[in-house]
Every structure is written in C-alpha cells, then in structure tokens.
Amino acid sequence: MTIEEFIKKIPKTELHLHIEGTFEPELMFEIAKRNNKIINYSSVEELKKAYHFNNLQEFLDIYYEGANVLITEQDFYDLTWAYLTKVYSQNIVHVEIFFDPQTHTDRGIAFETVINGIYKALEDSQQEYGITFKLIMSFLRHLDEASAFKTLEEALPYKDWISGVGLDSSEVGNPPSKFERVFAKALEEGFITVAHAGEEGPAEYIWEALDLLKVTRIDHGNRCLDDENLVQKLVDLQIPLTLCPLSNLELKVVQDLKEHPLPKMMEKNLLVTINSDDPAYFGGYMNENYLETAKALQLSKAEIATLAKNSFTASWLTDQEKEEYI
Ligand code: HPA
Ligand code: ZN
Numbered sequence: 003m004t005i006e007e008f009i010k011k012i013p014k015t016e017l018h019l020h021i022e023g024t025f026e027p028e029l030m031f032e033i034a035k036r037n038n039k040i041i042n043y044s045s046v047e048e049l050k051k052a053y054h055f056n057n058l059q060e061f062l063d064i065y066y067e068g069a070n071v072l073i074t075e076q077d078f079y080d081l082t083w084a085y086l087t088k089v090y091s092q093n094i095v096h097v098e099i100f101f102d103p104q105t106h107t108d109r110g111i112a113f114e115t116v117i118n119g120i121y122k123a124l125e126d127s128q129q130e131y132g133i134t135f136k137l138i139m140s141f142l143r144h145l146d147e148a149s150a151f152k153t154l155e156e157a158l159p160y161k162d163w164i165s166g167v168g169l170d171s172s173e174v175g176n177p178p179s180k181f182e183r184v185f186a187k188a189l190e191e192g193f194i195t196v197a198h199a200g201e202e203g204p205a206e207y208i209w210e211a212l213d214l215l216k217v218t219r220i221d222h223g224n225r226c227l228d229d230e231n232l233v234q235k236l237v238d239l240q241i242p243l244t245l246c247p248l249s250n251l252e253l254k255v256v257q258d259l260k261e262h263p264l265p266k267m268m269e270k271n272l273l274v275t276i277n278s279d280d281p282a283y284f285g286g287y288m289n290e291n292y293l294e295t296a297k298a299l300q301l302s303k304a305e306i307a308t309l310a311k312n313s314f315t316a317s318w319l320t321d322q323e324k325e326e327y328i
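One gets my numbering by counting positions in the sequence shown from 1 and adding 2 to each.
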C-alpha cells in the first residue's frame, strides 16, 4: 500500500479548522451572485492568484474579505456542508471546528443566522455521513475585550451546541492575557478553552494561554520549542498541539516543509496532531496535509498512524468513543 493510500484509509479527526477558511472560490462566487455581492476579483482564477501570503495578517485580510459574502443561514449551511462532504471523502470521522461569530455579527449578521446554518449542516452530516462533531466559538483577538464579552453573552443560549471557546486572528500584540476575564467567564459557564498561541507569537503567549486562559489544547504552538521548561510542561500534562503544516508553509511560519518542527516535537513526546486550518486558502485538506508532511519529512507509516491516533487522543470524544478507533 502506498503512503497515499495508507493516509486515505486510516480514520482521522480534524481538530483545527476554521469553517470560514473552507470557503472555496467557486462557492464564494456562487454565493456572492445570489446575494448580489461584488467580489473584488473578476474570476475564480483571479481570486486564486491573490492567495500568496508573506505572513498571517496578509492572509487574514483576504480571509475576512471572502467571508463578507455570507449573509443567510443557507449560506452558512452550504459552506459547512461543502467542507463536510470533502472530509467524508478523506475518511475524517470526527471534527472539532471553529467559527468566528464576530466576523459576521460585526457586519450586521445575527449570531443565530450563523450558528443555525453551521449547526444544521453538522447535524445532517452526522446523520448522512456518520461524522461526529464539536463546535468551538473563536474570539477575534484583534478586537477588544468588550466585543468578546458581548459575543460570549450571545452564545449562552446555544451552550448545548458549543463545546468550547478559542482565540484566533492577529496574534502578535494581542496576547492571551487580553482575554483572561472573558475566558474566566467562559470556564464558569462550562466551556472548554483552547487558544491559538505560538504561531507567530512567542513562547510566552503559550504560557499565558495555559496559565491564564486554562486551555487544555494549544492551536499551533510551534514556538514552544524556544522554551525547554514549556516543552517539559506540555509533555508532562500531554497538552495537545494542533499543528497545521501547509498553513505554516503558506504563512511563512516555516520556509520549507522539510524544516517543519513536527519530527522534533514527536521526538520530545509532545502530543502533536496534523490539521488543515484554512484548507481553501492553503492548498490542502487533511489528507494533503498528511501527505505533503509525510513526503517532506519522510515519515514512516508507523509515525503517520501515531499522528492519526494522537488526533483521537487529543479530541473531546469520550474515552468510550475513542476506544472505537484507538
Ligand atoms: N491563525 C490565526 N487566526 C486564524 C488562523 C490562523 O492560522 N486561521 C484563521 N484565523
Ligand atoms: Zn487556525
């Protein structure tokens, strides 16, 4: 069996995925047309040509612009359904996905419109494809604490639908400490907490995410390797890191996949997983992330199997549910 077939065959979970980052140009143009919205690019090809980024912010500017054409519940449903259909073909059996409510509520779309569309698609895919799921509401860290508090209030009626809260967007200059009080309230309300940390920001932000936001999983976390004590803590507590290799390459977090820190992290017994982050923008869904990483780093089938197993260990499935796969 080739590595490619092996990757396709093994069951996997996706733990770091922004639903707005799955917005393929073809669907974007279709939805823009039905909503009478103008896209600043003349064609799908022109838009795709703009997908070259030197850093996180250059990507975020285009990512937020793309999301502007999403208006109705049906739009959010179609976006989510397209992603789930794709991952079903890649043998992803469980997903824990982010949505960014502020990207939409700030432009006048109701919170309920966003979550209803996303949630209905997730329910339908559980029915039709058997894909189980958790939903994570992510706060935009470039916005202020008051906006995050308002978003948390809006989420409370949907507590049964939302398992956790996260923190994404422009990292440098927006440390986890900015949201300590919001996360304290989220924890009080029973949400699990995660945060993007150490993608572009320093190891110190990972410490803050752990100590102040009480996260039980770190999104990215690449920069932990700068701090031996931090690595030791992450290993001791088996705090999962949701790595996103193609995202790291496209956003110049690494200059070459061959230099990706994943092997070093595995060597140190960090609990690492592979994920796609924003697949419509970074050139690959889960299996492409596994395959490109495996090729660049010459991973063995045993190492690939470990990464897939880690994805279940790191998930929020119950121990009993995990047993089915690991
Ligand atoms: N980092 C921070 N914010 C994001 C990302 C990311 O990789 N993707 C979507 N929002
Ligand atoms: Zn991300």
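Even glycine gets a Cβ: it sits at the ideal position worked out from N, Cα and C.
- For Ile-64, the enclosing alpha helix (DSSP H) has its first and last residue at 58-69.
- Apart from sequence neighbours up to five positions away, the residues of its chain that approach Trp-83 with a beta-carbon distance below 6 Å are Ala-123, ordered along the chain.
- With fewer than 16 other Cβ atoms inside 10 Å of its own Cβ, Leu-239 counts as exposed.
- Leu-86 is positioned such that its CB atom lies no closer than 9 Å to that of Ile-117.
- Residue side-chain check: Gly-110 keeps its Cβ at 8 Å or more from all non-hydrogen atoms of the ligand HPA.
- Per the coordinates, the alpha-carbon of Lys-260 lies some 10 Å from the alpha-carbon of Pro-247.
- In the three-state reduction of the DSSP assignment, Ile-41 falls in the coil class, being assigned neither a helical nor a strand state.
- Burial check for Gly-132: the Cβ neighbour count within 10 Å stays below 16, so the residue is exposed.
- Residues of the same chain with a CB within less than 7 Å of the CB of Lys-270, apart from the 5 flanking positions on each side, are Val-233, Val-237 in chain order.
- Residues of the same chain with a CB within less than 8 Å of the CB of Asn-70, apart from the 5 flanking positions on each side, are Lys-39, Arg-109 in chain order.
- Looking from the CA of Gly-168, the closest CA among His-222, Ile-120, Pro-204, Leu-58 belongs to His-222.
- Taking 8 Å as the cut-off, one finds at least one heavy atom of the ligand HPA near enough to the beta carbon of Asp-170.
- Straight-line spacing of the CA atoms in Arg-143 and Tyr-121 works out to 24 Å.
- DSSP places Leu-227 in the helix class (H, G or I) of the three-state scheme.
- Residue Phe-181 holds the alpha-carbon nearest to the alpha-carbon of Val-196 among Phe-181, Pro-204, Met-267.
- Minimum Cα-Cα distance from Tyr-66 among the listed residues Lys-88, Ile-21, Gln-76 corresponds to Ile-21.
- The beta carbon of Ile-73 lies closer than 6 Å to those of Asn-37 in the same chain, with the five residues before and after it left out.
- Annotation for His-198: the continuous beta strand (DSSP E) segment containing it runs 194-199.
- The three-state reading of DSSP puts Thr-87 in helix, counting H, G and I together.
- Membership of Glu-6 in the alpha helix (DSSP H) is indicated by the continuous run 5-11.
- Distances taken from the Cβ of Leu-253 to the heavy atoms of the ligand HPA include one shorter than 8 Å.
- Counting only the Cα atoms, Glu-290 lies some 26 Å from Asp-77.
- Around the Cβ of His-96, a 10 Å sphere holds 16 or more other Cβ atoms; the residue is buried.
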